[in-house]
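Trainee:
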Amino acid sequence: MTSVLGSALRPVVRLLDRLRGRREDTPPGRRDGPLPPALADDPAVQPYEGGSGPVGVLLIHGFTGTPQSLRPWAEHLEADGFTVSLPRLPGHGTHWRELNQTAWTDWYAHADAAFADLRDRCDQVFIAALSMGGALGLRLAEQHGAAVAGLVLVNPAINITDPRMRILPVLHHLVPSLAAIGNDVSDPAAREIAYDRNPLHALHSQTKLWADVVAHLDRVTQPLLVFRSDADHVVDPSSVALLKDRVGSADAEFRRLTRSFHVATLDYEAAEIFSASSSFFRRLSA
């Protein structure tokens with residue numbers, strides 16, 4: 000019975016592999032896939048902290064990624080006088096099977112603890128986040144109100160409209176993983192350390208995080224700066240559309256990135272993101 004069911008699902012698996020992995024129309028600038036699974040003792044994937052100023056910034060990486068994708072951003076902010084905290088979310092930076100054993104509540108609890116630590120050490124705390132990290136950052140803003148002084152989000156993920164995602168609630172019980180989603184970077188000199196598979200139990204849990212965040216976007220009243228890549232092959236435009244339509248912030252700015260893919264913090268316009276975020280944080284903490 001299992002083999003028959005598996006055979007019947009193969010076309011569906013191939014379809015979702017194309018949805019969440021390398022598509023047939025993959026642009027020439029994108030490589031074949033991410034690096035092999037990062038080892039837990041690799042210095043590039045370790046959590047990072049730095050700085051001692053009164054204004055703190057919590058940086059939150061994306062799904063299947065590691066702190067490596069935001070490390071240059073953290074170092075830039077630290078050099079500009081901010082205290083930075085860049086944790087590694089549970090299940091990340093080891094093996095994709097470990098990520099499948101975690102849920103969105105684990106990732107959020109870890110981010111929340113890092114936020115609390117920064118609040119104890121700093122007068123103000125901001126959030127800077129990439130992809131799923133944006134969803135976690137938005138939930139922190141929803142839950143903590145004015146304690147979050149503002150947010151800078153890069154290609155935030157809070158929704159995917161592709162109808163093929165509808166089969167995920169069943170598929171994640173039958174198939175543990177699909178093709179990787181990491182390393183969506185246009186710059187051939189850059190490379191993201193990310194898992195070589197997309198774990199479906201964890202992906203399904205992420206959709207529950209999105210639903211929770213979207214239901215309370217009106218609570219996000221903090222200043223907001225959002226960057227969206229025109230050529231993002233991981234997160235479609237619906238996430239930013241939801242933010243524009245539902246956030247309660249009266250100070251929300253949305254900027255286009257025309258040369259970068261999803262992991263824009265490692266891409267051609269990274270310096271623009273870093274500089275704009277420093278200016279944004281300085282303005283709000285003056």
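Sequential numbering of the sequence shown, starting at 0, is according to numbering that gives the first Met the number 0.
We put the CB at the ideal spot given by N, CA and C, even for glycine.
No experiment lies behind these values; they were computed from the predicted model shown.
#1: Report the residue from H60, R163, V44, D79 whose alpha carbon sits nearest the alpha carbon of A275.
#2: Looking only at its chain, what residues have a beta carbon closer than 8 Å to the beta carbon of G247, apart from the 5 residues adjacent to it on each side?
#3: Indicate the three-state DSSP secondary structure (helix, strand or coil) for Y47 in the structure shown.
#4: Tell me the DSSP secondary structure of G144 in three-state form.
#5: Can you name, in chain order, every residue of its own chain whose Cβ lies under 6 Å from the Cβ of P35, other than the five neighbours on each side?
#6: Rank H143, V184, P71 by C-alpha distance to the C-alpha of A270 and give the top, closest one.
#7: If you measure between the beta carbons of L88 and H109, is that distance less than 8 Å?
#8: Using three-state DSSP, classify R258 as helix, strand or coil.
#9: If you draw a straight line from the C-alpha of M131 to the C-alpha of F62, how long is it?
#10: How far does the beta strand (DSSP E) with V56 in it extend, from its first residue to its last?
#11: In terms of residue numbering, what span does the beta strand (DSSP E) encompassing L184 cover?
#12: Since A214 is in the beta strand (DSSP E), which residue starts that stretch and which ends it?
#13: What do you get for P53, buried or exposed, if any count of 16 or more other CB atoms within 10 angstroms of its CB means buried?
#14: Which residues mark the beginning and the end of the alpha helix (DSSP H) in which L283 is found?
#15: Can you give me the start and stop residues for the beta strand (DSSP E) that T82 sits inside?
#16: Please list the terminal residues of the continuous beta strand (DSSP E) segment that includes V239.
#17: With DSSP as the reference, identify every bridge partner of I126, one or two as the case may be.
#18: If you run the structure through DSSP and keep just helix, strand and coil, what is V169?
#19: How about N99 and P42: do their beta carbons lie closer than 8 Å?
#20: Use the C-beta contact count for H172: other C-beta atoms within 10 angstroms, 16 or more gives buried, fewer gives exposed.
#21: Excluding sequence positions up to five away, which residues of its chain have a Cβ less than 7 Å from the Cβ of H203?
#22: So that I know if they touch, is there some Cβ in chain D lying closer than 8 Å to that of A188?
#23: Measuring straight from C-alpha to C-alpha, what distance separates T82 and A127?
#24: Relative to the C-alpha of R255, which candidate in D229, D105, L223 has its C-alpha closest?
#25: Would you report the Cα separation of D111 and L223, rounded to the nearest angstrom?
#26: Helix, strand or coil, according to DSSP, for E252 in the structure here?
#27: With distances taken Cα to Cα, identify the nearest neighbour of V184 among G92, T264, R163, V212.
Mentor: The answer reads as follows:
#1: When each option's Cα is compared against that of A275, the closest is D79.
#2: Short of 8 Å from the beta carbon of G247, and not among the five residues preceding or following it, lie these beta carbons of its own chain, in chain order: L216, D217, R218, V219, T220.
#3: The three-state secondary structure of Y47, taken from DSSP, is strand.
#4: Helix at G144.
#5: Reliability fails at P35, whose pLDDT of 49 lies under 50, so the model's placement of it is uncertain and the value that follows must be treated cautiously. Answer for P35: D195, listed in chain order.
#6: Comparing Cα-Cα distances from A270 to each of H143, V184, P71, the minimum goes to P71.
#7: Contact: yes.
#8: Correct three-state label for R258: coil.
#9: The alpha-carbon atoms of M131 and F62 are separated by roughly 6 Å.
#10: Looking at the DSSP string, the run of the beta strand (DSSP E) that includes V56 is 54–59.
#11: The question names Leu, but residue 184 in the sequence shown is Val. Per DSSP, V184 belongs to no beta strand (DSSP E) and is neither H nor E.
#12: Per DSSP, A214 is not a residue of any beta strand (DSSP E), being assigned neither H nor E.
#13: Under the 10 Å beta carbon count, P53 is surrounded by fewer than 16 other beta carbons and is classified as exposed.
#14: Boundaries of the alpha helix (DSSP H) around L283: 269–284.
#15: Looking at the DSSP string, the run of the beta strand (DSSP E) that includes T82 is 82–85.
#16: Counting along the chain, V239 falls outside any beta strand (DSSP E), though it belongs to the alpha helix (DSSP H) covering 237–245.
#17: Residue pairing for I126: DSSP places it in a beta bridge opposite L57, L150.
#18: Residue state, collapsed to three classes: helix.
#19: Against a cut-off of 8 Å, the Cβ pair of P42 and N99 comes out as no contact.
#20: Classification for H172: exposed.
#21: Excluding residues within five positions, the ones whose Cβ falls inside 7 Å are L167, P168, H171.
#22: Going by chain labels, chain D is absent from the structure shown, which holds only one protein chain.
#23: Linking T82 to A127 through their CA atoms gives a straight-line distance of about 12 Å.
#24: Per the C-alpha coordinates, the member of D229, D105, L223 positioned closest to R255 is D229.
#25: Approximately 19 Å between the Cα atoms of the pair.
#26: In the structure shown, E252 sits in a strand (DSSP, three-state: E or B).
#27: Cα-wise, what sits closest to V184 is T264.
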